[in-house]
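Notes to accompany the following structure.
Number of protein chains: 2
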Amino acid sequence: MLRPNPALRRTAARTPGRASDRETAARPDDHRALRLWLRMLTCTQLIERHIRNELRVRFSTTLPRFDLMSQLERHPEGLKMNELSRRMMVTGGNITGITDQLVKEGLVERRPLSDRRAFSVKLTRAGGKAFAEMAREHETWVVGLLSGLTRREHADLLGLLAKVKSHALITTDAESVEPRTSE
Amino acid sequence: MLRPNPALRRTAARTPGRASDRETAARPDDHRALRLWLRMLTCTQLIERHIRNELRVRFSTTLPRFDLMSQLERHPEGLKMNELSRRMMVTGGNITGITDQLVKEGLVERRPLSDRRAFSVKLTRAGGKAFAEMAREHETWVVGLLSGLTRREHADLLGLLAKVKSHALITTDAESVEPRTSE
DNA sequence: CCAGAATACTTTAGGCTTATTCTATTTAGA
DNA sequence: TCTAAATAGAATAAGCCTAAAGTATTCTGG
Chain C
-1 MLRPNPALRR TAARTPGRAS DRETAARPDD HRALRLWLRM LTCTQLIERH IRNELRVRFS
59 TTLPRFDLMS QLERHPEGLK MNELSRRMMV TGGNITGITD QLVKEGLVER RPLSDRRAFS
119 VKLTRAGGKA FAEMAREHET WVVGLLSGLT RREHADLLGL LAKVKSHALI TTDAESVEPR
179 TSE
Chain V
-1 MLRPNPALRR TAARTPGRAS DRETAARPDD HRALRLWLRM LTCTQLIERH IRNELRVRFS
59 TTLPRFDLMS QLERHPEGLK MNELSRRMMV TGGNITGITD QLVKEGLVER RPLSDRRAFS
119 VKLTRAGGKA FAEMAREHET WVVGLLSGLT RREHADLLGL LAKVKSHALI TTDAESVEPR
179 TSE
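Note that the protein sequences, when read in sequence, are chains C and V.
Once you know that position 45 of the first sequence is 43 in the working numbering, the rest is easy, because the numbers rise by one and skip nothing.
Once you know that position 97 of the second sequence is 95 in the working numbering, the rest is easy, because the numbers rise by one and skip nothing.
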């Protein structure tokens, strides 16, 4: 069902070693927050790398393409490019490129809207089938990667990250407001 | 002290919106692990984006360049390219490019070793000064971004992520061993 | 000693991401 | 109405990252 992108048809290669990663190098006098941040980063990168690798090896696709299709699967009515941009937390120009590819592969389509500046992007039938197949495996990878925690620990981690998220949102948003010093 | 890369001298632009991000779109029937993974990803991206932005706006540099210098600062004796690659969890070709730039900017130097295939990469004096300046601010950004948690919560989160990390390491490493089916 | 394997690094091609700039269209205000 | 601002998307240039292939050097076992 997937029309594999030839450029992605490669065999798995040696991933960067892991004996002593970025975080391991943290010194004892590093601030708690710094250590925590480095560990968050390491965890995310480990998982993300694993998923990217699986997507490439098993489905000849990439995480951004999977992500975009995943958004569309959640919104069968279609999404505009800027909605995809917001939800995927990437810039608009990026969406243009990824969508172009998925359209070329027949997995996604652009439909004109009454607002002639915009499109509604939807999964095609082939795209829906391909995504369903990938999503099933994707979930098993994630479940496996996070199966080192108990149900209770999952919940605790989710809660702590909720706090991190909301605080980071506030901090970042507050600074994105221009300090209207003059004028 | 920093020799700014002209290509990076840009004003801050609109970051992708955040009203409804990737994770918010998770459906109630999504598996716990999936929700947790999406939240981890969102948190990391929020923080990382913030730091990248600050590095660009305030120091006209990038996170990978900062990261590389940070590794060197922890190892004044110098590191070989492949050591940098391992520690930063990126491929070797990548290190070549980033090092080339930092050398060109006078922040880092390659020294020949007795093993003539390899180099020892070190911070120059200018690089050390530039890094110290950046690291001070960097830490305050991170502290600020993670200040939504109490000291206790920091410790809990660090512990939970330690579990995630070690399990992900095992999972990923186990699969990278080729199943010697024949031959 | 010496041929083959391993290691350290570089190069290349392709994809992702960003910030910026541009075009087309829509909206809103005088 | 008609012009200015806002919005949607595309195009562009530069950096990051990867996988794969290439080059030089070192190591190792016969």
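Every residue, glycine too, gets a C-beta built ideally from N, C-alpha and C.
Predicted, not measured: the structure shown is a model, and the values here were computed from it.
Under the three-state DSSP convention, the category residue i falls into
{"i": "S118(V)", "result": "strand"}
{"i": "E75(V)", "result": "coil"}
{"i": "E135(C)", "result": "helix"}
{"i": "E107(V)", "result": "strand"}
{"i": "V55(C)", "result": "helix"}
{"i": "T170(C)", "result": "helix"}
{"i": "S83(C)", "result": "helix"}
{"i": "V101(V)", "result": "helix"}
{"i": "D113(C)", "result": "coil"}
{"i": "L70(C)", "result": "helix"}
{"i": "T60(C)", "result": "coil"}
{"i": "G142(C)", "result": "helix"}
{"i": "L34(C)", "result": "helix"}
{"i": "H29(V)", "result": "coil"}
{"i": "L156(V)", "result": "helix"}
{"i": "V162(V)", "result": "helix"}
{"i": "T40(C)", "result": "helix"}
{"i": "T148(V)", "result": "coil"}
{"i": "T89(V)", "result": "coil"}
CA-to-CA distance, residue j to residue i, given in whole angstroms
{"i": "E71(C)", "j": "S164(C)", "result": "26 Å"}
{"i": "L190(C)", "j": "C41(C)", "result": "Given that chain C is displayed from residue -1 to residue 181, the structure contains no residue 190(C) and the question cannot be resolved."}
{"i": "G76(C)", "j": "A128(C)", "result": "17 Å"}
{"i": "L158(V)", "j": "W139(C)", "result": "19 Å"}
{"i": "R149(V)", "j": "M38(V)", "result": "20 Å"}
{"i": "L155(V)", "j": "L167(C)", "result": "18 Å"}
{"i": "R25(C)", "j": "L34(C)", "result": "Reliability fails at R25(C), whose pLDDT of 49 lies under 50, so the model's placement of it is uncertain and the value that follows must be treated cautiously. For R25(C) and L34(C), the distance between alpha carbons rounds to 12 Å."}
{"i": "I49(V)", "j": "L61(V)", "result": "8 Å"}
{"i": "R109(V)", "j": "M87(V)", "result": "22 Å"}
{"i": "F64(V)", "j": "R63(C)", "result": "29 Å"}
{"i": "Q99(C)", "j": "Q99(V)", "result": "32 Å"}
{"i": "H152(V)", "j": "A133(V)", "result": "21 Å"}
{"i": "P74(C)", "j": "R123(C)", "result": "11 Å"}
{"i": "L53(V)", "j": "N51(C)", "result": "29 Å"}
{"i": "T97(V)", "j": "T97(C)", "result": "34 Å"}
{"i": "A160(V)", "j": "G104(V)", "result": "37 Å"}
{"i": "A116(C)", "j": "L36(V)", "result": "28 Å"}
{"i": "R114(V)", "j": "L66(C)", "result": "46 Å"}
{"i": "F57(C)", "j": "F57(V)", "result": "40 Å"}
Assigned exposure category for residue i - 16 Cβ within 10 Å defines buried
{"i": "S68(V)", "result": "buried"}
{"i": "G15(C)", "result": "In this prediction, G15(C) has a pLDDT of 45, which is less than 50 and means its spatial position is unreliable; nothing more can be read from the coordinates."}
{"i": "A130(V)", "result": "exposed"}
{"i": "L111(C)", "result": "exposed"}
{"i": "V55(V)", "result": "exposed"}
{"i": "S145(V)", "result": "exposed"}
{"i": "I93(V)", "result": "buried"}
{"i": "R84(V)", "result": "buried"}
{"i": "E135(C)", "result": "exposed"}
{"i": "G125(C)", "result": "buried"}
{"i": "R7(V)", "result": "In this prediction, R7(V) scores a pLDDT of 37, lower than 50, which makes its location untrustworthy; the coordinate-derived value is nonetheless stated afterwards. By the 10 Å Cβ count, R7(V) comes out exposed."}
Chain V contact residues for residue i, given Cβ-Cβ distances below 7 Å
{"i": "E75(C)", "result": "Under the 7 Å cutoff, chain V gives no residues; its nearest Cβ is about 13 Å from E75(C)."}
{"i": "L144(C)", "result": "A31, L34, W35 and V162"}
Neighbouring residues, chain C, relative to residue i (Cβ below 7 Å)
{"i": "I45(V)", "result": "W35 and A166"}
{"i": "T40(V)", "result": "K163"}
Test item: CB-CB of residue i and residue j under 8 Å
{"i": "V106(C)", "j": "L121(C)", "result": "yes"}
{"i": "H29(C)", "j": "E46(V)", "result": "no"}
{"i": "G190(C)", "j": "M79(C)", "result": "The structure shown does not extend to residue 190(C), since chain C is modelled only from -1 through 181, so no value can be given for it."}
{"i": "L147(V)", "j": "V162(C)", "result": "yes"}
{"i": "T170(V)", "j": "L44(C)", "result": "yes"}
{"i": "L143(C)", "j": "V119(C)", "result": "no"}
Contact test: residue i Cβ vs the ligand MN heavy atom, cutoff 7 Å
{"i": "L159(V)", "result": "The ligand MN is not among the ligands present in this structure, which contains no ligands whatsoever."}
8 Å Cβ cut-off: residues of chain V touching residue i
{"i": "D154(C)", "result": "D154 and L158"}
{"i": "E151(C)", "result": "L158 and K161"}
{"i": "L147(C)", "result": "L158, K161, V162 and H165"}
{"i": "V140(C)", "result": "H29, A31, L32 and W35"}
{"i": "M132(C)", "result": "By Cβ distance, chain V contributes nothing, its closest Cβ being about 13 Å from M132(C), past 8 Å."}
Neighbouring residues, chain V, relative to residue i (Cβ below 9 Å)
{"i": "E137(C)", "result": "D28, H29, A31 and L32"}
{"i": "V106(C)", "result": "In chain order: nothing, as chain V lies at least about 17 Å away."}
{"i": "T170(C)", "result": "T13, R16, L44, I45, R47, H48, N51 and L143"}
Contact list for residue i against chain C, beta-carbon separation under 9 Å
{"i": "V55(V)", "result": "Neighbours of V55(V) on chain C: none; closest Cβ ~10 Å, over 9 Å."}
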